[in-house]
Amino acid sequence: MSFPDKDSMPFKYDIPLADRFGQLVNNEFAADVFFEVGSSQRLMYGHRSILSVGSPVFNAQLNGDFVEARNNSRQHPIVVTDVEEDVFLQILRYIYSANATVNHRNAVELYYASQKYLLTDLRCICENFFNSSLCKENVVTVFNANRKHDSMAFQHDIPLAVRLGQLVNNEFTADVFFEVGSNHRPMYGHRNILSVGSPVFNAQLNGDFADAKRNSLLNPIAETDVEEDVFLQILRFIYCENAVVNQQNVVDLYYASQKYLLGNLSKIWRTFCTATDFAGADR
Numbered sequence: 005m006s007f008p009d010k011d012s013m014p015f016k017y018d019i020p021l022a023d024r025f026g027q028l029v030n031n032e033f034a035a036d037v038f039f040e041v042g043s044s045q046r047l048m049y050g051h052r053s054i055l056s057v058g059s060p061v062f063n064a065q066l067n068g069d070f071v072e073a074r075n076n077s078r079q080h081p082i083v084v085t086d087v088e089e090d091v092f093l094q095i096l097r098y099i100y101s102a103n104a105t106v107n108h109r110n111a112v113e114l115y116y117a118s119q120k121y122l123l124t125d126l127r128c129i130c131e132n133f134f135n136s137s138l139c140k141e142n143v144v145t146v147f148n149a150n151r152k153h154d155s156m157a158f159q160h161d162i163p164l165a166v167r168l169g170q171l172v173n174n175e176f177t178a179d180v181f182f183e184v185g186s187n188h189r190p191m192y193g194h195r196n197i198l199s200v201g202s203p204v205f206n207a208q209l210n211g212d213f214a215d216a217k218r219n220s221l222l223n224p225i226a227e228t229d230v231e232e233d234v235f236l237q238i239l240r241f242i243y244c245e246n247a248v249v250n251q252q253n254v255v256d257l258y259y260a261s262q263k264y265l266l267g268n269l270s271k272i273w274r275t276f277c278t279a280t281d282f283a284g285a286d287r
């Protein structure tokens, strides 16, 4: 199996989790949600799986009884008229990478948008910005924005890794299907997340390989050389940069980290081997 030169790949891989998922922000790659945003009706892109775990509003909008859940948003983009494109971009950045730029130009509108999409932690970031920068010129605007949303109830946000971890081996919005290990266990993945998480999956799912051309729901991708417990740790690492390494799985997990070119997971393996004097560290 040969892969494109690393410099020609569309994504960087051995980078922090937030930066890795940040590469998908407003990226047409594997997008399955389309928006027309703001007064200019700017076309912007999203990914249903990430948006659904990132915001309860998007979850209801894309998976509930709303018209947006029934329509093909490529043909009929979801219209967002009350948020301008620069602010909506920050909403996407926060959902995908727990990062957003708050400044004097966008703070009030971003505060409104964080309320609209029930992003409690982003709302708190905006409130902290207001508290540190209130002046005569903006105090009335901020006060009115607070009044507008005081009656809304919110759920607390959770860290990015925990949020994305909810999608690990989850059939919800899955579009990649595997048969794993000697038991041919059905397991689930999401093309956008797998592609940005591993250069091997990226090539496998988007290149000239047979796996990219077939419907994996009807013909699951066979992973016979990795057992299901190890493959689950591979998925956990790709989705939330967390994997359990122990004496039982250390050798097989090292092999799998090499197979899928997960350099940072290989580093975790070496740290484990060094800390436990595991003999395999001399490999």
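In the working numbering, each number is its position in the sequence shown, counted from 1, plus 4.
Glycine included, every Cβ here is placed at the ideal spot set by N, Cα and C.
Report the rounded CA-to-CA distance for residue i versus residue j, giving the unit in angstroms.
i, j, result
"isoleucine 313", "isoleucine 99", "This structure cannot settle anything about residue 313, because the visible part of the chain is limited to 5 through 287."
"histidine 188", "leucine 221", "14 Å"
"valine 84", "phenylalanine 39", "7 Å"
"valine 166", "leucine 55", "14 Å"
"leucine 198", "alanine 111", "34 Å"
"leucine 236", "histidine 108", "44 Å"
"arginine 24", "aspartate 36", "19 Å"
"glutamate 231", "glutamate 245", "20 Å"
"valine 204", "tyrosine 17", "11 Å"
"glycine 211", "glutamate 131", "45 Å"
"methionine 191", "threonine 177", "13 Å"
"glycine 201", "phenylalanine 276", "22 Å"
"phenylalanine 15", "glycine 26", "10 Å"
"alanine 64", "threonine 280", "46 Å"
Around the C-beta of residue i, are 16 or more other C-beta atoms found within 10 angstroms, so that it is buried, or is it exposed?
i, result
"glutamine 94", "buried"
"valine 2", "Outside the modelled stretch of the chain, which goes from 5 to 287, sits residue 2, for which no answer is possible."
"arginine 218", "exposed"
"arginine 78", "exposed"
"glutamine 208", "buried"
"threonine 278", "exposed"
"serine 136", "exposed"
"phenylalanine 92", "buried"
"threonine 105", "exposed"
"alanine 247", "buried"
"arginine 74", "exposed"
"threonine 41", "Contrary to the premise, residue 41 reads as valine rather than threonine in this sequence. Valine 41 comes out buried."
"leucine 47", "exposed"
"proline 20", "exposed"
Are the Cβ atoms of residue i and residue j separated by less than 8 Å?
i, j, result
"serine 101", "alanine 22", "yes"
"valine 172", "tyrosine 243", "yes"
"isoleucine 225", "phenylalanine 181", "yes"
"serine 44", "leucine 123", "no"
Tell me where the beta strand (DSSP E) around residue i begins and ends.
i, result
"phenylalanine 181", "180 to 184"
"glycine 26", "Premise fails: glycine 26 lies in the alpha helix (DSSP H), 21 to 26, not in any beta strand (DSSP E)."
"alanine 226", "225 to 227"
"tyrosine 192", "189 to 193"
"glycine 2", "The structure shown does not extend to residue 2, since the chain spans only 5 to 287, so no value can be given for it."
Measuring CA to CA, which of the options is closest to residue i?
i, options, result
"leucine 28", "Tyr49, Leu66, Ile19, Gln262", "Tyr49"
"aspartate 179", "Ser186, Asn196, Ala226", "Asn196"
"serine 261", "Thr280, Gln252, Gln251, Phe241", "Phe241"
"aspartate 86", "Ser59, Asn76, Ala34, Tyr121", "Tyr121"
"serine 186", "Asn206, Gly193, Asp233", "Asp233"
"glycine 169", "Ser53, Leu266, Asn268, Leu114", "Ser53"
What are the start and end residues of the alpha helix (DSSP H) that includes residue i?
i, result
"glutamate 131", "124 to 137"
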